[in-house]
Structure formats: structure tokens, C-alpha cells
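> The structure under discussion is supplied below as C-alpha cells; questions concerning it will follow.
Protein chains in written order, with my numbering: chain W, 1 to 388; chain R, 1001 to 1060.
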């Protein structure tokens, strides 16, 4: 391992060059759109004034969900309840209405926000241009839906390969240079070369984590599909041949039932009966743990909308657990504003790595890199000749 | 590259990598002190970066 053959280095260099070229354009887009997305919460609060919920004492009783649903239904009679979501930070409940079962973007959803304790309607989200959700769709799927997600996943994979091969060629190129060398008075190309190496190696681990979790996130649609295919048939088997229910029992009671069955968890969201993402005859109630780590771990419970019988499939399979842990590590939104600012700095540094990489490639003609490689090959072959 | 050269070149990157991993994980494992630890650790690579970019070397 330690004695690096010059031909091997050449191979790694080629791998680094080609995997980088494959992903650079989309990666640059992902870095630029990702920057505002890291500050999603802050920008959202800034762009849109929210009505704050009333101050409530700890342990204050929760408001009735059925009344919220009734209000939302009256406000949007042509739509059906799609989901209920609990705000992580404030006692607010989002009731999402939709006219379709698989809303593609925020345009397909109308939200009403209620106070979780008093049940008072705080606001009805206006139909407005939502810049952040457009940026997110560009970042995640380049507006192409599932194929776009998979393209971005392949791009992220190429990025990971480029990072690994880049780290491997870093050694040979830097062996005569001190760590942190930046020859600011050198030729333009030398400066860009130093910048690329320095910023690349310092951000390497962060970039590897964001790249690898990006691959995982890109696979979320197929992975959840796999889980549904493994789980739902067993749950749905007893219902075979029965008509799909049209009248649903109280969602408030169903949620209370799940909360009682899983006392160590808290309710995170409810998905109404849905033939695409869940079961057409169950409320899908997502619960999460209460500690910093377990609050990333979700456990689903299904409640029959007619009988109220409860089906808890237990924890999620390992691949969805990895996906759950991949989310915060990709978004950088799990350690307060200072972490987001550091995340943003890493992101900007990565943008410089990309731009300098493109510059080094464009100004290639017998470049220092290729010359350096030729020296390496020459020296190594001389050494081998001498040894023989 | 010899083993000694390999070690010299990759020593600092390895330390930085360890610091980064610890910083990324600590905010995930807990709140409060753990978040602060994460900020402190992840700030190190960024400080180092600005140091190397700003400093003027006497040699050139």
C-alpha cells in the first residue's frame, strides 16, 4: 500500500478526473441550491410571518383533531384530508388537504395550521410562490420526479468515487509539499492547484458524509416502496375482497389509541388512508422517540379506519434506519444555527473545490498535473530499474 | 511513495477527518453541550483553512 506504483496513481487520477467530470455540473447545482436549503427554517420564518401559538403549560391537554379536520374540510370542500403533522419546535399542528393521493409539490397541498392545545386556527397557508420548495425540487429531482431522484443519486455516487480517488492522488501530489501549501504568489495555475488540494482535503470527510447520505436520500422512494411491499400484503390479507371504506372513524381517537399503545413515543404525523403511500383502509400514524437520537427513529402504527384495530409492525428495517440517520447528516439542520453556518461554510468551500477542479481541467494542455504524473512514472520506473 | 512519506502526507488529513467525524456525530447524539462540542470541533477545519489561505510565507 505504501509503495504507490506510478501506474496505479495514474489510474486513480483518471478515475478522479472522470468521476468528477460526470458529476460536476449537477453537483454545482446541488451545492448552490443546498446552501439556502440548509437555512430553510430561518428563511421560511423570514419570508413568511407566522402566527405564534398560545403559550401553554407543560402537560396541557391536546386539542381535538376531528374538529380541526372538520374546519379544514369546510374551508376546502373539494379536497380530502391528506395528512396531519406535528411541528417539532412549537405546539402547532398542520392539517394538509389535497385533491390527489400523491401530491408532487406544495402546489398540490393546502395547509391549515392550528394551535395544538387550544385548537384555534392560526393561519391558512396562502397559495403563493414558494421559492424554497422549488429549490428543493430542483436539488432533489431536477423537476423530473423519480427518474430525477435516481439521476441525482447516481451523481452523488460518482461524487463519492471522485472524493475517494481524489484523496488517493492527494498523497503522491503532496509528498514534496507541506500540508496547507498555498503559493499565492505562484503562477495562476499553481494557485488554483493549491486551492483545489487544500480545500479538497480539508472538506473531504464532510463531503464524503454529505455525498454518501445524498445517495441514501436519493434512494428513499424505492426503499420505502420496498418496505411497503414487504409489510403491507400481510396487513391487508384479512381484508381481501372487502370494499374500501368510505366512512372513517375519529382520527383523534385513533391517535390517542396509538399514543396509549406506545407510551415511550410521541406522535409525529398521520397519513390518511392512501392507496399509494400506505393502506386505503388505515390511518398510518408515525411516532418517534423522545431523546435526540431516537427522535430520528420512527415507528409506524396502522389503525383500521372502520374497526379501530391496531397493527404495529415494530421497528423499521435496517435500510430505513440508515435512511433516517442519513437525513440530518445530509441537511445539517440538527445542531442549531451555528452548525448550519458551519455547514454553509463547508458548502462554499466545496463550491471552490468544484470550480478550481473545472479550471484545472480546462487549462490542461501539458498541465502541471500531467507533467507531475509523468515525472512520477519516470522516477518510479528508474527506481524499479535500479532495484532490478 | 515510501511508508514514511505516506504517513507524513496523510497525518494531518487523518487528524482532520477524525475531528470532522466527531463533530458531525456529537450534534446527532445529544443536544446542548453536544451541539456546542460539534460547533467547536467542526470550526477547527474551517479555522485551519482560513489560516493557510491568509498567511504569508516568508520563503516566496
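Quick reminder that beta carbons are idealized off the backbone N, C-alpha and C, glycines included.
Do you know offhand how far residue 319 of chain W's Cα is from residue 216 of chain W's?
Whole-angstrom Cα-Cα distance: 9 Å.
> For residue 137 of chain W, is the classification buried or exposed, using 16 other Cβ atoms within 10 angstroms of its Cβ as the cut-off for buried?
Buried, because 16 or more other Cβ atoms sit within 10 Å of the Cβ of residue 137 of chain W.
> Closest Cβ-Cβ distance between residue 182 of chain W and chain R: below 7 Å?
It does; some Cβ of chain R falls within 7 Å.
> Name the chain W residues that come within less than 7 Å of residue 1043 of chain R, Cβ to Cβ?
Within 7 Å Cβ-Cβ: 342.
> With DSSP collapsed to three states, give me the class of residue 263 of chain W.
Three-state DSSP puts residue 263 of chain W in coil, outside helix and strand.
> Between residue 206 of chain W and chain R, is any beta-carbon pair separated by less than 7 Å?
For residue 206 of chain W, the answer is yes, since a Cβ of chain R falls inside 7 Å of its Cβ.
> Quick one: does residue 339 of chain W have its CB under 7 Å from some CB of chain R?
Closer than 7 Å to some Cβ of chain R, the Cβ of residue 339 of chain W qualifies, so yes.
> Would a check of beta-carbon distances place residue 144 of chain W closer than 7 Å to chain R?
Output row for residue 144 of chain W: interface = no.
> Taking DSSP as the reference, what is the three-state secondary structure of residue 110 of chain W?
It is a strand residue.
> Quick one: what's residue 312 of chain W bridged to in DSSP?
In the DSSP output, where bridge partners are listed per residue, residue 312 of chain W has W:301.
> CA-CA distance, residue 364 of chain W and residue 9 of chain W?
Between residue 364 of chain W and residue 9 of chain W, the C-alpha separation is close to 18 Å.
> Less than 7 Å between CB atoms is the rule here; does residue 201 of chain W satisfy it with respect to chain R?
Cβ-Cβ to chain R under 7 Å: yes for residue 201 of chain W.
> Using the rule of at least 16 other Cβ atoms within 10 Å of the residue's Cβ for burial, across every protein chain shown, is residue 276 of chain W buried or exposed?
Residue 276 of chain W is exposed by the Cβ-count criterion.
> Tell me the rounded alpha-carbon separation between residue 362 of chain W and residue 1036 of chain R.
Between residue 362 of chain W and residue 1036 of chain R, the C-alpha separation is close to 42 Å.
> Which residue from W:170, W:101, W:116 and W:48 puts its Cα closest to that of residue 57 of chain W?
Residue W:116 is the option with its Cα nearest to residue 57 of chain W.
> With distances taken Cα to Cα, identify the nearest neighbour of residue 1054 of chain R among W:107, W:50, W:182 and W:37.
Checked all of W:107, W:50, W:182 and W:37; the closest Cα to residue 1054 of chain R is W:182.
> List the residues of chain R that residue 336 of chain W touches, going by C-beta distances under 7 Å, in chain order.
Those are 1035, listed as they occur along chain R.
> Measuring CA to CA, which of W:226, W:72 and W:287 is closest to residue 263 of chain W?
Of the listed residues, the one whose Cα sits closest to residue 263 of chain W is W:287.
> Suppose you measure from the CA of residue 201 of chain W to the CA of residue 1029 of chain R; what does that come to, to the nearest Å?
Residue 201 of chain W and residue 1029 of chain R: Cα-Cα distance of roughly 26 Å.
> How many whole angstroms separate the CB atoms of residue 92 of chain W and residue 61 of chain W, which I take to be in contact at a CB cut-off of 8 Å?
With 8 Å as the limit, residue 92 of chain W and residue 61 of chain W do not qualify as a contact, their Cβ atoms being about 16 Å apart.
> Counting along the chain, where does the beta strand (DSSP E) carrying residue 81 of chain W start and finish?
Start and end: 80 to 86.
> What's the call for residue 1 of chain W, buried or exposed, on a 16-neighbour Cβ count within 10 Å?
No answer about residue 1 of chain W holds up, because its pLDDT of 45 lies below 50 and its placement is not dependable.
> Using 8 Å for Cβ pairs, my map puts residue 312 of chain W next to residue 261 of chain W. What's the rounded Cβ distance?
Yes, they are in contact, since the Cβ atoms of residue 312 of chain W and residue 261 of chain W sit about 7 Å apart, within 8 Å.
> Since residue 95 of chain W sits in a beta bridge, which residues does DSSP pair it with?
W:84 and W:112.
> Tell me whether residue 182 of chain W sits in a helix, a strand or coil according to DSSP, three-state version.
In the structure shown, residue 182 of chain W sits in coil (DSSP, three-state: anything other than H, G, I, E or B).
> Within the segment 226 to 299 of chain W, note down every full alpha helix (DSSP H) run reaching 4 residues or more, in order along the chain.
Runs found: 251 to 261.
> Starting from residue 141 of chain W, follow the alpha helix (DSSP H) in both directions and report where the run begins and ends.
131 to 141 is the span of the alpha helix (DSSP H), which, as asked, contains residue 141 of chain W.
> Please report whether the beta-carbon of residue 1054 of chain R lies at a distance below 7 Å from any beta-carbon of chain W.
False, the Cβ-Cβ gap to chain W never drops below 7 Å.
> Expressed to the nearest angstrom, what Euclidean distance is found between the alpha-carbon atoms of residue 303 of chain W and residue 285 of chain W?
Going by the C-alpha atoms only, they are around 8 Å apart.
> Could you confirm whether any beta carbon from chain W is found closer than 7 Å to the beta carbon of residue 1050 of chain R?
Judged by the 7 Å Cβ criterion, residue 1050 of chain R is not in contact with chain W.
> Which residues, taken in chain order from the segment 1013 to 1036 of chain R, show a beta carbon closer than 7 Å to some beta carbon of chain W?
Under the 7 Å Cβ criterion, the segment 1013 to 1036 of chain R contributes 1013, 1016, 1017, 1020, 1021, 1024, 1027, 1028, 1029, 1030, 1031 and 1035.
> My guess is that residue 94 of chain W and residue 84 of chain W are in contact by the Cβ rule of under 8 Å, so how many angstroms apart are they, rounded?
So it is a contact: roughly 7 Å between Cβ atoms.
> When the cut-off is 7 Å and only beta carbons count, does residue 2 of chain W lie next to chain R?
For residue 2 of chain W, the predicted structure reports a pLDDT of 45, less than 50, and the residue's modelled location is therefore unreliable. A value from the coordinates is still provided. With 7 Å as the cut-off, residue 2 of chain W counts as an interface residue toward chain R.
> Using a Cβ-Cβ distance cut-off of 7 Å, determine whether residue 284 of chain W contacts chain R.
Answer no: the Cβ-Cβ gap between residue 284 of chain W and chain R never drops below 7 Å.
> Using only the alpha-carbon positions, how far apart do residue 333 of chain W and residue 1027 of chain R sit?
Rounded to whole angstroms, residue 333 of chain W to residue 1027 of chain R spans 10 Å at the Cα level.
> Given residue 330 of chain W, which residues of its chain have a CB within under 7 Å of its CB, disregarding the five upstream and five downstream residues?
For residue 330 of chain W, where only same-chain residues beyond five positions count, the Cβ hits under 7 Å are 210, 213, 214 and 217.
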